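Worksheet: the structure to be examined is printed underneath.
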Amino acid sequence: MRQRRVVTALAIPLVLAFVAASCGSDDSSSETDTGGETTEANTETTDDSSEPEDTTAPEEVVTTVDATDEIAYGGDVIVGLEAEAQGLRPWEDVFSSNSYNIMYAIYDTLFAQTADGEYAGFLAESIEPSDDLTVWTMTLRPDVTFHDGTGLTAQTIVDMFPIQQAGANTSGIVASSKLVAVAAVDDLTVEYTLSEPNSAFISALDGGDLGMVFEPVAAAADPVAFSLNPIGTGAFTMQSRDPDNETVIVKNPDYWRTDADGNPLPYLDSVSFRPIPDEGNRLDALISGTTNAMITLRQGTIRDALEESGLNFYQFQGSNIGGGYFNTLKAPFDDQRVRLGLVTLTDQDEMIKALGGEGISQAGSQWSSADSPWFYEPAAAAYSNFDFDKGKGLLEEYINDPARSDGKGAGEKIDVTLSCPPDPSLIAYVQVIEQIWSGSELVNVNLTSFDQATHIQLALTDEHDAHCWRMSGEGDPSGYINPAVADPAESSLNFSNYFDPEMVGWTTEAGLTTDFETRKELYGKINQRWNEQGVYWYAGQTATLVATDADIYGLDSWTLPDGAPGLGTPNAEARWADAYITQ
Amino acid sequence: MIKTIAFILLRLVATLLAVTFLTFAMVALLPGDPVDTILGTAQRDPAVEEQIREDLNLDDPFVVRYFTWLGNAVTGDLGSSYITDQPVADTISQRVPVTAQLASMAILIAVIVAIPVGVLGAYKQSRWQDTTSSAAVQVALSIPNFIVGIFLIWLFAVQLNWLPSSNWSRLSDGVVDNLKTAIMPSVALALGAMALFSRLIRSDMVATLKEDYILSARAKGLSDRYILFRHALRPSSLSLMTVVGITFGALLGGTVVIETLFAIPGLGFSLINAINARDILLIQGITVFIAVMFVIINTVVDLLYVVLDPRIRRS
Amino acid sequence: MATTESGFEKTEETLAANSALTARANAAAAADFEVPPGVEQPRQSVWSIFKEMPFLVKFSTMWLVAVLFGAIYAQLDVRVFNGSLPLADPNLILSGFNPSTGEFGTTEALEGPSWAHPLGTDALARDTFSRVVHGSYVSVIVAAVSVICGVIVGGLIGSLVGFVRGKTETVLMAGIDVILAFPALVLLLALISILEVRSLFVISFIVGLLSIPTYTRVSRANSLAISNREFVTAARAIGTKRWKILWREIIPNVLPTLIAYALVAAAAVIVVEGTLSFLGLSVQLPTATWGNMINQARRDIKQNVWQVAFPALALTLTVLALNQVGDFFQRRSSHRASSL
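Quick mapping for you: the protein sequence lines, in order, are chains A, L and C.
Numbered by numbering that gives the first Met the number 0, the letters in the first sequence go through residues 0 to 582 in order.
Numbered by numbering that gives the first Met the number 0, the letters in the second sequence go through residues 0 to 314 in order.
Numbered by numbering that gives the first Met the number 0, the letters in the third sequence go through residues 0 to 339 in order.
Given below as structure tokens:
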């Protein structure tokens with residue numbers, strides 16, 4: 000009897016968590032390319048776990064703004080961005096939340112994610128794979144023109160391909176998605192040929208990868224000018240670009256898309272983007288009326304913004320998660336006890352508090368948020384939550400082991416260099432980690448920080464111990480996880496260097512089937528293995544915010560052409576084509 | 000005088016050469032292979048690597064590279080950023096008018112405030128007006144300008160809503176809007192310069208007021224104000240002008256923090272962004288530009304001094 | 000200035016003395032540093048000098064002593080006594096898990112001043128008072144290293160050049176002018192970011208290097224004037240070796256003015272470190288510096304404005320104090336000269 004009650008007691012929170020997970024709020028698709036940049040976001044989790052073991056009880060974060068019925072045309076919006084978009088060329092310039100805000104307005108993507116995380120046609124109508132998943136046939140929408148009048152045909156897509164193959168941004172994705180050839184079957188039908196079966200190929204035709212459609216003739220003719228004067232099929236055209244100051248886009252009168260009721264888009268007359276790097280000033284600009292909207296990926300700013308009245312808040316907490324990893328090829332991190340011990344000594348809640356995001360972001364345990372359909376229970380259970388004594392025990396085991404891999408004597412402390420980019424919030428949470436690791440009296444911690452570009456460099460060249468990072472996103476897990484399990488001898492994108500051919504086998508298997516449950520379990524098992532091995536530590540899901548004046552709506556009620564609801568504002572990427580100002 | 004001017008110009012050329020050489024060396028002698036910095040060590044296309052090596056003349060001896068670069072720089076070609084692909088010279092020419100306007104406005108404000116403060120201090124030497132104003136000036140000099148900036152934003156943008164809190168409206172888009180965005184950063188920048196100028200004026204005037212001709216002017220019965228502003232201020236104007244020139248040059252490079260705070264697209268803002276992005280060519284271009292401008296401005300001031308200072312002219 | 004020199008030299012000298020670049024150095028002290036102090040005076044005791052000071056300067060001196068004391072105390076605490084002295088740990092996050100007690104702390108972040116925490120706690124629930132005290136160490140080092148660099152190297156070069164003149168002067172001053180030509184902040188930013196240094200001493204050293212030219216100019220102007228004084232001419236006439244004259248007559252008379260200038264320059268250098276911290280280019284976190292405390296606290300300024308105010312106040316007061324004391328000594332040495 001007693002045993003049964005215990006089992007029931009344990010089952011309830013698990014069931015609740017499962018239920019909560021399936022009734023997820025929006026998921027969004029953000030391309031935080033593990034091979035590219037780290038975004039500046041910090042993540043936070045709520046402190047609401049009822050039991051210390053349980054990291055899977057997320058708090059529902061209110062993310063939606065109720066759309067009004069009074070859609071009105073006209074108006075100009077000024078948006079404060081975190082930083083200037085370095086360039087607006089999808090194949091060449093690195094993406095960030097900032098550039099996405101501009102680019103989703105100027106370009107359309109072939110496919111987009113719906114609120115359920117599925118992919119549906121946007122600029123393209125549909126796509127069909129062959130039985131062996133190596134030939135994908137895509138049908139484009141008719142009567143779509145670029146801003147310069149050129150028509151969108153299958154040949155456009157074919158012409159884009161060589162540019163994408165060579166482009167700094169997309170060459171890696173072309174390779175990893177196995178795409179080798181693009182051919183035009185007829186005016187509106189494109190055939191993609193892959194070298195290997197890839198069941199998730201459609202996810203490469205979304206946002207920041209190969210799906211953003213640009214005018215290839217102009218792009219090839221003068222790529223430098225194209226960055227200042229991009230040509231796409233989107234709702235707005237570029238009017239002026241004053242880098243570091245203001246970028247202005249204006250309504251495209253010939254835009255093909257309509258809203259769910261058949262009204263032509265966009266509603267707004269113009270949108271101006273202003274980079275305001277200073278977080279406090281960006282919020283002040285919104286409050287004082289200098290701007291009408293702003294984006295932020297910083298917990299502290301979100302907290303400050305939420306305290307203001309008279310604003311609309313479009314929050315999003317997706318699968319992008321902050322944290323870091325160990326270099327498993329380097330002693331002592333090649334020993335599981337060291338890794339697990341160190342992870343067990345990280346207090347995720349405290350780290351989230353340090354980031355300023357208490358109550359704003361959730362604790363994480365894997366590369367999908369608890370609201371995501373990809374969330375895998377056993378992986379969450381396998382993540383080591385904070386336990387000071389247990390962590391110490393694991394480390395002590397290693398330290399007293401005469402055969403310890405770092406070659407030091409028994410009883411000597413282990414040396415860890417912990418590196419994060421010099422963003423003050425990141426440094427703050429890193430200090431929480433440092434305090435506990437040092438406090439265990441078993442670790443010598445050396446904190447270093449390098450600018451973002453160098454930080455990424457160090458990851459690629461394996462010159463790191465414990466390295467801060469930001470993982471994952473809303474898209475199909477194959478985009479994030481496949482590079483992270485690759486053989487380090489062949490790919491520098493497996494930053495942790497943890498390699499087990501079995502895991503690669505799982506990803507290959509996942510590429511061979513389109514069955515969701517099967518793929519979910521395969522990717523879940525990878526997360527589980529990572530947690531069991533202590534490869535990653537997590538510092539909370541990334542919470543992001545788009546804050547606007549009280550009369551701006553539409554950012555999370557946008558729909559795809561077939562009427563399905565879109566994914567809202569993942570990673571603070573707002574779709575200004577669907578925004579409107581009420582009277 | 001011709002001799003002096005010739006000497007100054009000769010010195011200018013020599014300094015310019017040295018300055019450009021040092022800047023080039025600083026960047027070119029970076030530890031590590033520049034190609035690594037630019038491309039990263041991920042999968043590299045050998046053809047692209049070859050291209051960069053060729054562009055940068057990396058295989059040539061150092062001095063040859065310097066002169067090639069110098070030759071290009073003189074014709075306005077400072078290379079193109081590897082990150083944005085935009086020509087460095089274009090980026091700089093877009094940013095210069097902004098920083099120049101900020102610097103000019105800051106100096107104007109500083110001079111307008113400094114003259115009465117300095118004159119007052121000299122006039123009422125050691126009395127309460129003097130000690131109070133010099134104390135106030137000292138405090139102004141001591142507060143870091145970014146703190147002043149933060150306070151100004153809080154007061155005028157957030158609380159009073161009189162001014163926009165950030166960004167820049169270009170002069171070509173309207174004078175009023177432009178002034179609204181320029182006034183707060185200029186004031187923040189002006190504080191340090193104002194303190195400097197008022198100290199200079201004050202001590203110069205203290206010395207001048209001891210001269211005999213001031214005594215005779217007073218004996219003649221001229222009013223204090225007339226003496227102060229017409230007779231006593233004039234000798235100080237030369238050194239003031241000198242310092243103004245130097246401060247302008249210094250401000251060209253000293254606006255980094257204020258521009259970052261107010262999100263103003265000037266040279267300083269670009270420099271910091273370039274530094275964060277490790278955009279080597281842009282860092283190099285901006286540094287050289289500012290240094291060269293600084294040298295030229297100082298030389299111009301020197302020349303003006305020669306022309307205007309009767310003591311030197313006569314010798 | 001001597002009348003025996005050729006017209007060109009005199010022009011050049013006048014020009015040099017009045018040139019824009021000299022004026023920049025002089026402007027900082029409003030032309031008062033040019034006045035040479037004259038013959039050696041009997042040394043006064045430190046206490047009598049202190050008694051001479053006006054109230055404001057006295058207060059400034061005491062503040063500076065307090066800052067210095069705080070820096071020393073903090074370092075002793077960390078390096079010698081392993082934190083056992085009665086000063087809170089500046090890096091201990093009081094709200095989090097405390098490894099030594101095995102429990103979670105109860106102090107909140109961004110608390111106001113209290114008995115336990117005289118200046119409150121910062122965004123990471125660390126004791127602000129302790130961080131301000133530890134932060135003074137960084138300011139002291141930056142100021143001290145750059146001053147020492149400047150006084151020693153700049154003072155030596157300037158004194159030598161003003162005394163010896165001729166080719167040595169032309170060559171050395173040309174080099175100095177080139178360094179002076181660089182806008183210091185820009186060069187500093189570029190160097191620090193390119194070299195990727197975060198070591199306190201290296202940063203201070205670079206700042207010191209960049210400030211040498213101004214010290215050189217000041218000491219050169221003084222040395223020029225002193226070299227033309229009767230006692231130097233007399234010493235030369237007797238046949239005293241040049242280096243002896245330099246060492247015994249020139250340098251001791253250049254020093255007082257130079258040190259007075261150094262105090263003012265130190266103030267500027269401390270602000271520069273604050274600016275570097277603000278831009279994220281100074282010493283590595285979690286080391287506390289007044290600049291990065293201001294920067295970190297700014298994010299939470301709406302919750303607690305005091306966390307910005309306290310380090311800002313420390314910074315401002317120190318700069319103010321240095322200026323006051325520097326001015327006092329400069330006035331003092333110029334009075335002594337003119338009283339001759």
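All C-beta atoms in this analysis are idealised placements derived from N, C-alpha and C, irrespective of residue type, glycine included.
Here the structure is a predicted model, which means the values were calculated and not measured.
Quiz item: Cα-Cα, which of A/Gly510, A/Thr232, A/Asn443, A/Thr345 is closest to A/Leu151?
Solution: Working through the first sequence from its first residue, we reach residue 151 of chain A at position 152. Among A/Gly510, A/Thr232, A/Asn443, A/Thr345, the Cα nearest to that of A/Leu151 belongs to A/Thr232.
Quiz item: In whole angstroms, what is the alpha-carbon distance linking A/Asn326 and A/Leu425?
Solution: Sequence index remark: in the first sequence, residue 326 of chain A carries index 327 (1-based). Sequence index remark: in the first sequence, residue 425 of chain A carries index 426 (1-based). Answer to the nearest angstrom: the Cα atoms are 19 Å apart.
Quiz item: Quick one: is C/Gln329 buried, meaning 16 or more other Cβ sit within 10 Å of its Cβ, or exposed?
Solution: Looking up residue 329 of chain C in the third sequence gives position 330. Counting of Cβ neighbours within 10 angstroms places C/Gln329 among the buried residues, the total reaching 16 or more.
Practice problem: Leaving out five residues on either side along the sequence, give the residues of the same chain with a beta carbon under 7 Å from the beta carbon of C/Phe327. | Solution: The residue given as residue 327 of chain C occupies position 328 in the third sequence. Counting only Cβ-Cβ distances below 7 Å, and skipping sequence neighbours, we find Met52, Val56.
Quiz prompt | The alpha helix (DSSP H) enclosing C/Cys148, as first and last residue numbers | solution = Mapped onto the third sequence, residue 148 of chain C falls at position 149. Per DSSP, C/Cys148 belongs to the alpha helix (DSSP H) from 127-148.
Exercise. Check the DSSP bridge columns for A/Pro323 and list the partner residues they point to.
Key: The count along the first sequence starts at 1 and reaches residue 323 of chain A at position 324. The sequence shown places Gly at residue 323 of chain A, not Pro. DSSP, once it has assigned bridges, lists A/Cys467, A/Trp536 as partnering A/Gly323.
Quiz item: Taking just the CA atoms, how far does A/Ile201 sit from A/Asp26?
Solution: Sequence index remark: in the first sequence, residue 26 of chain A carries index 27 (1-based). Sequence index remark: in the first sequence, residue 201 of chain A carries index 202 (1-based). Because the pLDDT of A/Asp26 is 27, which lies under 50, any placement of that residue in the model is unreliable, and the number read from its coordinates should be weighed accordingly. Our two residues, A/Asp26 and A/Ile201, have alpha carbons roughly 17 Å apart in a direct line.
Self-check item: Outcome for A/Asn197 when other beta-carbon atoms lying within 10 angstroms are tallied against a minimum of 16
Solution: On the first sequence, residue 197 of chain A is found 198 positions in, with the first residue counted as 1. Looking at its Cβ environment, which holds 16 or more other Cβ atoms inside 10 Å, A/Asn197 is buried.
Quiz item: Distance, Cα to Cα, A/Gly166 vs A/Tyr552?
Solution: By 1-based counting over the first sequence, the position of residue 166 of chain A is 167. By 1-based counting over the first sequence, the position of residue 552 of chain A is 553. When rounded, the distance between both Cα atoms is 36 Å.
Quiz item: What do you get for C/Arg78, buried or exposed, if any count of 16 or more other CB atoms within 10 angstroms of its CB means buried?
Solution: Indexing the third sequence from 1 puts residue 78 of chain C at position 79. With fewer than 16 other Cβ atoms within 10 Å, it is exposed.
Practice problem: Output, in chain order, the set of chain L residues within a Cβ distance shorter than 7 Å of A/Pro161. | Solution: As a working note, residue 161 of chain A is residue 162 in the first sequence. Under the 7 Å cutoff, chain L gives no residues; its nearest Cβ is about 14 Å from A/Pro161.
Quiz item: Closer than 9 Å, CB to CB, is L/Asn71 near chain A or not?
Solution: Here residue 71 of chain L corresponds to residue number 72 of the second sequence, with the count starting at 1. No - not a single Cβ of chain A is within 9 Å of the one on L/Asn71.
Quiz item: So the beta strand (DSSP E) L/Gly244 belongs to, where does it begin and stop?
Solution: What you label residue 244 of chain L is simply residue 245 of the second sequence in a count that begins at 1. Where L/Gly244 is concerned, there is no enclosing beta strand (DSSP E), although the alpha helix (DSSP H) it sits in stretches over 232-253.
Quiz prompt | C/Arg247: contacting residues in chain L (beta-carbon distance under 7 Å) | solution = Numbered from its first residue, the third sequence carries residue 247 of chain C at position 248. One finds nothing in chain L with a Cβ atom closer than 7 Å to the Cβ of C/Arg247; even the nearest lies about 31 Å away.
Quiz item: Looking at the structure shown, is C/Asp176 part of a helix, part of a strand, or coil, going by DSSP?
Solution: Working through the third sequence from its first residue, we reach residue 176 of chain C at position 177. Look at C/Asp176 here: in three-state DSSP terms it is helix.
Self-check item: Span separating the alpha-carbon of L/Val12 from that of L/Thr74
Solution: Counted from its first residue, the second sequence places residue 12 of chain L at position 13. Counted from its first residue, the second sequence places residue 74 of chain L at position 75. Near 16 Å, if we compare the C-alpha coordinates of L/Thr74 and L/Val12.
Self-check item: Where C/Arg297 meets chain A, residues with beta-carbon distance less than 7 Å
Solution: Position 298 of the third sequence, counting from 1, holds the residue named residue 297 of chain C. Among the residues of chain A, those whose CB is under 7 Å from the CB of C/Arg297 are Gly279, following chain order.
Quiz prompt | Helix, strand or coil at C/Arg164 according to DSSP, with G and I counted as helix | solution = For this step, residue 164 of chain C is matched to residue 165 along the third sequence. It is coil, neither helix nor strand.
Quiz item: Shortest alpha-carbon distance to A/Asp550 belongs to which of A/Asn291, A/Ser364, A/Ala104, A/Asp464?
Solution: One-based indexing of the first sequence puts residue 550 of chain A at position 551. Residue nearest to A/Asp550 within the set A/Asn291, A/Ser364, A/Ala104, A/Asp464 is A/Asn291 (criterion: CA-CA distance).
Exercise. Return no unless some Cβ of chain A is closer than 9 Å to the Cβ of L/Ala231.
Key: Reading the second sequence from its first residue, position 232 is the one you call residue 231 of chain L. Closer than 9 Å to the CB of L/Ala231 there is not a single CB belonging to chain A.
Quiz item: Of the residues A/Pro421, A/Arg403, A/Asp283, A/Ala509, which one's Cα is nearest the Cα of L/Ala276?
Solution: Position 277 of the second sequence holds residue 276 of chain L. Considering only alpha carbons, the answer is A/Pro421.
Quiz prompt | Strand pairing of A/Lys250, partner residues [DSSP] | solution = Locating residue 250 of chain A in the first sequence gives position 251, where the first residue counts as 1. Bridge partners of A/Lys250 according to DSSP: A/Phe235.
Self-check item: Against chain L: residues of the segment 438-458 of chain A by CB proximity under 9 Å
Solution: Listed by position, the residues of the segment 438-458 of chain A near chain L (Cβ gap below 9 Å) are Asp450, Gln451, Ala452, Thr453, Ile455, Gln456.
Exercise. Could you name the residues of chain C that L/Gln137 contacts, counting a contact when the two beta carbons are closer than 8 Å?
Key: Along the second sequence, one-based indexing puts residue 137 of chain L at 138. Residues of chain C passing the Cβ test: Leu319, Asn322, Gln323.
Quiz item: Does C/Ile293 have its Cβ less than 9 Å from a Cβ in chain L?
Solution: Walking along the third sequence from the start, residue 293 of chain C turns up at place 294. Yes, because at least one Cβ of chain L sits closer than 9 Å to the Cβ of C/Ile293.
Self-check item: Host alpha helix (DSSP H) of A/Pro128 (start-end)
Solution: Locating residue 128 of chain A in the first sequence gives position 129, where the first residue counts as 1. Annotation: A/Pro128 is outside any alpha helix (DSSP H); the continuous beta strand (DSSP E) that includes it extends over 123-128.
Practice problem: Consult DSSP for A/Glu59 and reduce its assignment to one of helix, strand or coil. | Solution: In the first sequence, counting from the first residue as 1, residue 59 of chain A sits at position 60. Reliability fails at A/Glu59, whose pLDDT of 40 lies under 50, so the model's placement of it is uncertain and the value that follows must be treated cautiously. In the structure shown, A/Glu59 falls within a coil segment according to DSSP collapsed to helix, strand and coil.
Quiz item: Within 9 Å (strictly less), CB to CB, does C/Ala232 reach chain L?
Solution: In the third sequence, residue 232 of chain C corresponds to position 233, counting from 1. A quick correction: the sequence has Thr, not Ala, at residue 232 of chain C. It does not: the Cβ of C/Thr232 has no partner Cβ on chain L nearer than 9 Å.
Practice problem: Locate the beta strand (DSSP E) running through A/Ala445, then write down its first and last residues. | Solution: Looking up residue 445 of chain A in the first sequence gives position 446. Strictly speaking, residue 445 of chain A in this sequence is Asn, with Ala absent from that position. Note, A/Asn445: beta strand (DSSP E), 442-447.
Self-check item: Sequence-distant residues of its chain with Cβ nearer than 8 Å to L/Ile142 (five each side left out)
Solution: As a working note, residue 142 of chain L is residue 143 in the second sequence. Leu190.
Quiz item: Cα-Cα, which of L/Phe196, L/Leu195, L/Leu232, L/Arg198 is closest to L/Glu210?
Solution: As a first step, residue 210 of chain L is located in the second sequence; it is residue number 211 there, counting from the start. That would be L/Leu232, whose Cα lies nearest to the Cα of L/Glu210.
Quiz item: The beta strand (DSSP E) spanning C/Leu199 covers which residue range?
Solution: As a working mapping, residue 199 of chain C is identified with position 200 in the third sequence. According to the DSSP assignment, C/Leu199 belongs to no beta strand (DSSP E) but to the alpha helix (DSSP H) extending over 199-226.
Self-check item: Residues within the segment 413-430 of chain A neighbouring chain E, beta-carbon criterion of under 7 Å
Solution: Looking for chain E here will not work: the only protein chains present are A, L and C.
Quiz item: Does the segment 69-87 of chain L come within contact of the segment 217-231 of chain L, defined as at least 3 CB pairs closer than 8 Å?
Solution: Too few Cβ pairs lie closer than 8 Å, so no.
Quiz item: Just reading off the beta strand (DSSP E) that A/Pro476 is part of, what are its end residues?
Solution: Stepping through the first sequence from its first residue, residue 476 of chain A is reached at position 477. Premise fails: A/Pro476 lies in the alpha helix (DSSP H), 476-484, not in any beta strand (DSSP E).
Practice problem: Whole angstroms is fine: what's the gap from L/Met0's alpha carbon to L/Tyr304's? | Solution: One-based indexing of the second sequence puts residue 0 of chain L at position 1. One-based indexing of the second sequence puts residue 304 of chain L at position 305. Rounded to whole angstroms, L/Met0 to L/Tyr304 spans 11 Å at the Cα level.
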